[in-house]
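Numbering-wise (the working numbering), the sequence shown opens with residue 5 and increments by one. Cβ atoms here follow ideal geometry from the backbone N, Cα and C, with glycine treated the same way. Data first, discussion second: the structure below is written as structure tokens.
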Amino acid sequence: MTASSESLPGVGRTALGVAGLRAMESRRPDRLFDDPYAQAFVEAGRAFFPEVPDSAKDKSVGALFYAHVVVRTRFYDEYLLRAVAAGCEQVVLLASGLDTRAFRLTWPDGVRLFELDLPEVLEFKERVLAAESAAPGCVREAIPADLREDWSALLLAAGFRYDAPTAWLVEGLLIYLSHDEATRLLTTVGELSAPGSRVSFERRTNNRNGLAARVRAMPSASGLTTLWKGGLGSEGPAWLAEHGWQTELHVQSVLAVEYGRSAAEFSDGGFVTAVRS
Ligand SMILES: C[S@@+](CC[C@H](N)C(=O)[O-])C[C@H]1O[C@@H](n2cnc3c(N)ncnc32)[C@H](O)[C@@H]1O
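Now the structure itself:
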């Protein structure tokens, strides 16, 4: 693989940070998932984007995010597999970053999976996956897009069917969008969702001990927190309920214990999943 002349935009760098944490987890004998490509992203990132901090080496910010990312990854793995078992024929990862679920999860026949992220991120991702000879276990389309703009035409042009139930995942994105950008994105998700479609994303609370508040208090995290625009804040579940979705809340500390991990790292935040009626 040759070096790219492009550099990763600020938000794109966060995808490398998450891959670093997934690589750490994948090395554990008691891992909650195995991402066989995460380390390859870390190594390629070090070679081509040396200016991007290594999340695995950052003992302060990386340590705060580790438990969150690990439980989040496992929870969304299960959410997506349950959604396709319940009849969703399409999976859309909005802000897929360096997520390798298309490659590492076992998908039923016929599932089509669409990944959307910024062009620089997907270009890097495709090059690393090609160098690793990675083969997806489903039909996969990677679609370069700025999710603050109108991305629905790109998705439809890539073969997305709005009459087929879809499992949407919005993992680690909303906080990087303004309130208007986040509601526009979720409005588009609703418009493209046939009955039985599902959506999931992180559920933040206003708890002063929550992850976002603790990261904000950390001076070494200022490069990251300046990228945060708030998204829907704590309003995500209520917004979904008001816009045609039946919601369910999932508490991250409870999930951590179910997965055999400590609840100590978590406050009352977690995830929302929702079904389109
Ligand atoms: C924290 S990472 C999460 C990536 C992935 N979901 C995961 O958990 O590994 C945030 C991702 O959001 C993407 N992102 C942020 N703003 C975006 C935008 N306006 N359009 C497309 N992608 C965006 C970044 O490129 C990055 O891949």
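With residue i as the anchor, note down where its alpha helix (DSSP H) starts and where it stops.
{"i": "E153", "result": "From DSSP, E153 is part of no alpha helix (DSSP H); its letter is neither H nor E."}
{"i": "D81", "result": "65-89"}
{"i": "P241", "result": "240-246"}
{"i": "F164", "result": "That residue, F164, is in no alpha helix (DSSP H); it is neither H nor E in DSSP."}
{"i": "T230", "result": "No alpha helix (DSSP H) contains T230, which DSSP labels as neither H nor E."}
{"i": "A288", "result": "No answer is possible for residue 288: the residues shown for the chain start at 5 and end at 281."}
{"i": "S30", "result": "14-30"}
{"i": "L215", "result": "215-220"}
{"i": "F107", "result": "105-108"}
{"i": "V46", "result": "42-52"}
Can the beta-carbon of residue i be found closer than 9 Å to that of residue j?
{"i": "G114", "j": "G200", "result": "no"}
{"i": "V95", "j": "W172", "result": "yes"}
{"i": "F37", "j": "R86", "result": "no"}
{"i": "Y70", "j": "E175", "result": "no"}
{"i": "L159", "j": "W243", "result": "no"}
{"i": "A44", "j": "E136", "result": "yes"}
{"i": "A99", "j": "R144", "result": "no"}
{"i": "R16", "j": "G101", "result": "Residue identity differs from the one stated: residue 16 is Gly in this sequence, not Arg. Cβ distance < 9 Å, so G16 and G101 count as in contact."}
{"i": "S257", "j": "R208", "result": "no"}
{"i": "L117", "j": "P140", "result": "yes"}
{"i": "T104", "j": "A42", "result": "yes"}
{"i": "V75", "j": "L215", "result": "no"}
{"i": "E55", "j": "T170", "result": "no"}
{"i": "R194", "j": "W155", "result": "For the record, residue 194 in the displayed sequence is Gly; it is not Arg. Cβ distance not < 9 Å, so G194 and W155 don't count as in contact."}
{"i": "V219", "j": "T230", "result": "no"}
{"i": "G24", "j": "V46", "result": "yes"}
{"i": "R131", "j": "E185", "result": "no"}
Using DSSP bridges, identify the partner residues of residue i.
{"i": "S204", "result": "L173, T277"}
{"i": "Q94", "result": "R116, T170"}
{"i": "L253", "result": "V276"}
Which residue marks the beginning of the beta strand (DSSP E) containing residue i, and which one marks its end?
{"i": "D184", "result": "It is not in any beta strand (DSSP E) - D184 instead sits in the alpha helix (DSSP H) that spans 183-195."}
{"i": "D121", "result": "116-121"}
{"i": "A146", "result": "143-148"}
Which whole-angstrom value is the C-beta distance of residue i and residue j, which I expect to be below 8 Å?
{"i": "G274", "j": "H254", "result": "5 Å"}
{"i": "L12", "j": "F53", "result": "5 Å"}
{"i": "G240", "j": "F205", "result": "6 Å"}
{"i": "A278", "j": "V203", "result": "5 Å"}
{"i": "V22", "j": "M222", "result": "So it is not a contact: roughly 17 Å between Cβ atoms."}
{"i": "D34", "j": "G264", "result": "7 Å"}
{"i": "V213", "j": "S281", "result": "According to the sequence displayed, residue 213 carries Asn and not Val. Not confirmed; about 35 Å, so no contact."}
{"i": "V261", "j": "A267", "result": "5 Å"}
Next item on the list: Pair every Cβ in the stretch 227-234 with every Cβ in the stretch 178-198, then say whether three or more of these pairs are closer than 8 Å.
Entry: Taking one beta carbon from each stretch, the stretch 227-234 and the stretch 178-198 have 3 or more pairs nearer than 8 Å; the two touch.
Check: Is the stretch 198-214 close to the stretch 138-158, with three or more CB pairs under 8 Å?
Finding: no
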